[in-house]
């Protein structure tokens, strides 16, 4: 393993990048979602495709 | 694919006819790799290891003991698949430089089929970037124009196939990492349905999005390789009930939905190329769009960032300096997303699946360009198309993330070159677990406009 070094704090630039990423993702997630409490059905239960067609 | 490259199918025939041996093919590939080192396609490639496998294959052939139709063919491996004979670094400084002494399930399958495991290919650090610029051994170069990126994160595999070093290579795809470089380099790339291909021994990026798959020189090559990818693997629970692969033909009329509209913009040149290809086919084509396309992209980011942060927590604590500055920031951001935010992203994912499965007209294939614009240059940060200015990372992922969010099988095929001589790809998305049918339909569609 190369360059092993623990407890390296984030730089100012990295902190800003983290903040920018979070702001972008949170803005994108800020839309209403109807009552869909299931897990992504196809992904976790193959075969449910087109059950309502 | 660059002209004069031989496909896996053609090389298999050459071995069968005796016009080539595994050793002769492997030597040609090694020599070409050496000649094209400027592409930076390989992390490691060992002449002795490759030739020993080729010699063994030729011996089996002369004794009538062939293991499979792909026995003796050299295939390159993305450096996030565990391999017994080479270290696996994921192009990161955080991993040890020793062989793991284990093969990923797909590698074990290929090895049992007699394939020559032909070195490990360059990739974006931990597969978490779409250009192949962010690698600890430096960027790969696009064989069509070295000033441009190959796309990532399976960029080394794409460069090795497009330049004709090998006819096929392995990749992995979490947001388009097989399809983006395949399209940018003018070759074929296939992301199987989620849960059809074993991920055991492929270093994870985001376990509900990851899919391993091949990059190759034709659709037939992909069909030749998929039996070694698809099927149940007791070491990967996501594959339970996955059927083995068997190539199919398709002779009925194909119903295509071409996704267009807000959030699905592309350059005029790309749009024209896709429409021309679709018009040449005998398929019925309907255009359709859907709302909140941009939001689904951010939902994908929430999922990949949080899952990657979870997977990397131990290394992030013990060796943060082992990650590049940009990747560390991504992982720290992923760790700061709340459980509620990630669940909200998963709800959006469910909604997207519902849109594709129940709210569009009946379809056999959903089509988009693979990339909205041709590959950026190595230093290009922003790309402009369809009236938008988009960061080059997001533009690469523009359409491809839809395939991972839904888990549906996706194929990219080359459909021509831009005015500047860069490849253009078209993405075909099939219904989940109908990988065989998607490939059969793609062969029919490609027949109508021919391989470019």
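Residue numbers (the numbering used here), protein chains in the order written: chain U, 1 to 53; chain H, 54 to 505. The beta-carbon is built from N, C-alpha and C at its ideal position, and this holds for glycine as well. All figures in this text were calculated on a predicted structure; none of them were measured in a lab.
Exercise for the section: Assign residue 91/H to one of three DSSP states: helix, strand, or coil. Expected result: For the purposes of this step, residue 91/H is taken as residue 38 along the second chain, with counting starting at 1. Looking at residue 91/H - three-state DSSP - the assignment turns out to be helix.
Problem - residue 430/H, buried or exposed, once every other Cβ within 10 Å from all chains shown has been counted against 16 - result: Sequence index remark: in the second chain, residue 430/H carries index 377 (1-based). Residue 430/H is exposed by the Cβ-count criterion.
Exercise for the section: With a threshold of 16 other CB atoms inside 10 Å of the CB of residue 393/H, please say whether the residue is buried or exposed. Expected result: Taking the second chain and counting its residues from 1, one reaches residue 393/H at position 340. Residue 393/H is exposed by the Cβ-count criterion.
Exercise for the section: Please confirm if residue 53/U has its CB atom under 8 Å from at least one CB of chain H. Expected result: Locating residue 53/U in the first chain gives position 53, where the first residue counts as 1. Low confidence applies to residue 53/U: its pLDDT is 40, below 50, so where it sits in the model is not reliable enough to give any reading.
Problem - Whether residue 312/H touches residue 227/H by CB criterion (8 Å) - result: Numbered from its first residue, the second chain carries residue 312/H at position 259. Numbered from its first residue, the second chain carries residue 227/H at position 174. No.
Practice task
Return helix, strand or coil for residue 494/H, following the three-state DSSP convention.
Solution key: Counting from 1 along the second chain, the entry for residue 494/H is found at position 441. If DSSP states are grouped into helix, strand and coil, residue 494/H belongs with the helices.
Problem - Buried or exposed by the 16-neighbour rule on C-beta atoms within 10 Å, applied to residue 8/U - result: As a position in the first chain, residue 8/U is number 8, starting the count at 1. Classification of residue 8/U: exposed, given that the 10 Å Cβ count is below 16.
Practice task
Give every residue of the same chain whose Cβ lies closer than 8 Å to the Cβ of residue 274/H, excluding the five residues on either side of it in the sequence, and list them in chain order.
Solution key: The sequence position of residue 274/H within the second chain is 221, counting from 1. Counting only Cβ-Cβ distances below 8 Å, and skipping sequence neighbours, we find 60, 61, 62, 220, 221, 241 and 267.
Handout entry: Residues that residue 178/H contacts on chain U, provided the C-beta gap is smaller than 8 Å
Key = Residue mapping note: residue 178/H aligns to position 125 of the second chain, counting from 1. The contacting residues do not exist; residue 178/H stays about 13 Å from chain U at best.
Exercise for the section: Please go through the stretch 234-305 of chain H and give each complete alpha helix (DSSP H) segment of 4 or more residues, from N-terminal end onward. Expected result: Restricted to the stretch 234-305 of chain H, the alpha helix (DSSP H) segments that are unbroken, complete and at least 4 residues in length are 272-278, listed in chain order.
Exercise for the section: Measure the Cβ-Cβ separation of residue 166/H and residue 134/H and say whether it is below 8 Å. Expected result: Within the second chain, residue 166/H is the residue found at index 113, counting from 1. Within the second chain, residue 134/H is the residue found at index 81, counting from 1. No, the Cβ-Cβ distance between residue 166/H and residue 134/H is not below 8 Å.
Exercise for the section: Could you check how far apart the C-beta atoms of residue 352/H and residue 387/H are, in whole angstroms? I think they sit under 8 Å. Expected result: Start at 1 with the first residue of the second chain, and residue 352/H comes out as number 299. Start at 1 with the first residue of the second chain, and residue 387/H comes out as number 334. Actually they do not touch by this definition, with Cβ atoms about 14 Å apart.
Problem - Reduced DSSP category for residue 190/H - H, G, I as helix; E, B as strand; rest coil - result: One-based indexing of the second chain puts residue 190/H at position 137. Note: residue 190/H maps to coil in three-state DSSP.
Problem - CB of residue 251/H within 8 Å of CB of residue 289/H, strictly - result: Position 198 of the second chain, counted from the first residue, corresponds to residue 251/H. Position 236 of the second chain, counted from the first residue, corresponds to residue 289/H. Yes, these two residues count as a Cβ contact at 8 Å.
Handout entry: Which listed residue (370/H, 161/H and 175/H) has its alpha carbon closest to that of residue 169/H
Key = Against the second chain, residue 169/H aligns to sequence position 116. It is 161/H.
Practice task
Using a threshold of 8 Å, state whether the C-beta atoms of residue 479/H and residue 468/H are closer than that.
Solution key: The residue given as residue 479/H occupies position 426 in the second chain. The residue given as residue 468/H occupies position 415 in the second chain. Yes.
Exercise for the section: Tell me whether residue 31/U sits in a helix, a strand or coil according to DSSP, three-state version. Expected result: In the first chain, residue 31/U corresponds to position 31, counting from 1. The answer is coil: DSSP assigns residue 31/U none of H, G, I, E or B.
Problem - Strand pairing of residue 502/H, partner residues [DSSP] - result: Residue numbering aside, residue 502/H sits at position 449 when the second chain is read from its first letter. Residue 502/H pairs with nothing; no bridge assigned.
Problem - Contact under 8 Å by Cβ, residue 337/H with residue 306/H - result: Counting from one through the second chain, the residue named residue 337/H turns up at place 284. Counting from one through the second chain, the residue named residue 306/H turns up at place 253. It is a contact, given that the beta carbons lie within the stated cut-off.
Exercise for the section: Check the Cβ-Cβ distances between residue 133/H and every residue of chain U, and say whether any is below 8 Å. Expected result: By one-based count along the second chain, residue 133/H stands at place 80. By this cut-off, residue 133/H is not an interface position.
Exercise for the section: Return the residue from the list 261/H, 77/H, 191/H and 271/H that minimises the CA-CA distance to residue 214/H. Expected result: Looking up residue 214/H in the second chain gives position 161. Out of 261/H, 77/H, 191/H and 271/H, 271/H has the C-alpha closest to the C-alpha of residue 214/H.
Practice task
Tell me whether residue 445/H counts as near the ligand ATP, meaning its Cβ is closer than 7 Å to at least one heavy atom of that ligand.
Solution key: The ligand ATP is not among the ligands present in this structure, which contains no ligands whatsoever.
Practice task
Would you verify that the beta carbon of residue 381/H is, or is not, closer than 8 Å to some beta carbon of chain U?
Solution key: Within the second chain, numbered from 1, the residue matching residue 381/H stands at position 328. Closer than 8 Å to some Cβ of chain U, the Cβ of residue 381/H qualifies, so yes.
Problem - Outcome for residue 444/H when other beta-carbon atoms lying within 10 angstroms are tallied against a minimum of 16 - result: Here residue 444/H refers to the residue found at position 391 of the second chain. Residue 444/H should be labelled exposed.
Exercise for the section: Would you identify the three-state DSSP class for residue 155/H, choosing helix, strand or coil? Expected result: Reading the second chain from its first residue, position 102 is the one you call residue 155/H. Of the three classes helix, strand and coil, the one that applies to residue 155/H here is coil, per DSSP.
Problem - For residue 138/H, the three-state DSSP class (helix, strand or coil) - result: Taking the second chain and counting its residues from 1, one reaches residue 138/H at position 85. Correct three-state label for residue 138/H: coil.
Handout entry: C-beta atoms of residue 176/H and residue 137/H nearer than 8 Å
Key = To locate residue 176/H, count along the second chain from 1; it is residue 123. To locate residue 137/H, count along the second chain from 1; it is residue 84. Not closer than 8 Å, so no.
Exercise for the section: Would you check if there are 3 or more beta carbon pairs closer than 8 Å linking the stretch 373-387 of chain H to the stretch 406-413 of chain H? Expected result: no
Handout entry: Per DSSP, cross-strand counterpart(s) of residue 419/H
Key = Your numbering for residue 419/H matches position 366 in the second chain. Per DSSP, 310/H and 482/H.
Handout entry: Cutoff 8 Å: residue 101/H Cβ touching any chain U Cβ
Key = Sequence index remark: in the second chain, residue 101/H carries index 48 (1-based). Not an interface residue.
Problem - Near-chain U residues of the stretch 379-405 of chain H - C-beta to any C-beta below 8 Å - result: Listed in sequence order: 379, 381, 382, 383, 385, 386, 389, 390, 394, 397, 398, 399, 400, 401, 402, 403 and 404.
Handout entry: chain U residues whose Cβ lies nearer than 7 Å to that of residue 347/H
Key = Numbered from its first residue, the second chain carries residue 347/H at position 294. Chain U residues near residue 347/H: 28.
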